[in-house]
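Note that the numbering used here gives residue 139 to position 139 of the sequence shown, counting from 1, and the numbers run on in steps of one.
For glycine and all other residues, C-beta sits at the position ideal for the given N, C-alpha and C.
Structure first, then comments.
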Amino acid sequence: DQRIKVLSQENQGISAARNNGLSHARGKYVMLMDNDDMLAECAIETVMNNAFRYDADMVKTGHQVFTKRRTKNVIETGHRVYPEGLGPELLVYNGFVWGTAIRRSLFEKTCFPVGFWYEDMITRLLLYRMCRCFVYVDQAFYRYRMHENNASKKVWSAKNLKALDQYFLLREIKEHADQLGLAENSWVCRLYFDECSGLLYLRLKDLD
């Protein structure tokens, strides 16, 4: 089927893999998944119905964290439609890029930063702010598998100098946001503050 493309490349990290996939994508919307996660039945249908109904730039869903022993649903609000984009709600929704349908044209203006940890930082600081219409679906459609080999556990170890990427990537994103002409306000400043205070401390506190 010409609609399915399998891409292979030398391991250059998750950002390079995502950017390569995006460069070959042809659909109006894209969704990203980690390799060990799952989607619930009807997830794509429900998300796309919302995307086309509201002509949304992004449609985000709740998610479920699951292990061999337990599951936990994470729903951040009820069903919400923001036809003028996100304002203070930037502080409400998490920055996980998975579990979200994104208008592919947004990636004509930005991409995932190669060589950095914490690449999902662009979600709230760039992608959300670029949205004209944002929709949140209050169902746990994305199934996030938690296990000992999660990449997220590696980047939260706080014992690796790469944890300093938190600071340097934030600077890069700030410069890119200025180039894109994205407006700044009190809640955007709060996002910057959160990234370079509490989160930065948690990721650096165990370094010698």
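Best match in the options for proximity to residue i [C-alpha to C-alpha]
i    : options                  : result
R132 : L7, S105 and R143        : S105
L180 : V81, L127, L204 and D57  : L127
T100 : K159, E175, M58 and D206 : M58
V188 : L170, L200 and L204      : L170
L207 : A163, R190 and L199      : A163
I102 : Y201, F52 and F66        : F52
V135 : L182, Y93 and Y82        : Y82
T77  : V137, K159, A40 and I173 : V137
V74  : Y93, L199 and A56        : Y93
First through last residue of the beta strand (DSSP E) which encompasses residue i
i    : result
N94  : Element bounds for N94: n/a, residue is neither H nor E.
N11  : Careful: N11 lies outside any beta strand (DSSP E) and carries neither H nor E.
A177 : Taken as a continuous stretch (DSSP letters only), A177 belongs to no beta strand (DSSP E), being part of the alpha helix (DSSP H) at D165 to L180.
R80  : R80 to Y82
I4   : I4 -> no beta strand (DSSP E), and no H or E assigned at all.
R103 : T100 to R103
Where residue i falls: helix, strand or coil (DSSP)
i    : result
H147 : coil
D55  : coil
N73  : strand
L86  : coil
G240 : Because the chain here runs from 1 to 208, residue 240 falls outside it and cannot be looked at.
A140 : strand
F209 : The question about residue 209 has no answer, for the chain in this structure spans 1 to 208.
Y29  : strand
K60  : strand
L126 : helix
L202 : helix
L39  : strand
For residue i, the first and last residue of its enclosing alpha helix (DSSP H)
i    : result
Y192 : S186 to C196
8 Å Cβ cutoff, residue i in contact with chain D
i    : result
D138 : Absent here is chain D; the protein component of the structure consists of one chain.
_Sufficient close CB pairs (3 or more, under 8 Å) joining the segment 45-64 to the segment 3-23_ = No, the segment 45-64 is not in contact with the segment 3-23.
*Do the segment 130-144 and the segment 85-93 make contact, defined as three or more Cβ pairs closer than 8 Å?*
Enough Cβ pairs lie closer than 8 Å, so yes.
_Counting beta carbon pairs with one atom in the segment 178-195 and one in the segment 119-127, are three or more of them shorter than 8 Å?_
The segment 119-127 is in contact with the segment 178-195.
*asked:* Measuring CB atoms only, is the segment 134-149 touching the segment 27-40, in the sense that at least three cross pairs come out at less than 8 Å?
replied: Using a C-beta cut-off of 8 Å, the segment 134-149 makes contact with the segment 27-40, since at least three inter-stretch Cβ pairs fall below that distance.
*Decide if the segment 108-117 is in contact with the segment 64-84; the criterion is three or more beta carbon pairs, one per stretch, under 8 Å apart.*
The segment 108-117 makes no contact with the segment 64-84, as fewer than three CB pairs between them are under 8 Å.
_Inter-stretch contact (C-beta, 8 Å, three-pair minimum) for the segment 5-12 and the segment 20-27_ = With a cut-off of 8 Å, the segment 20-27 and the segment 5-12 count as touching, because enough Cβ pairs lie within range.
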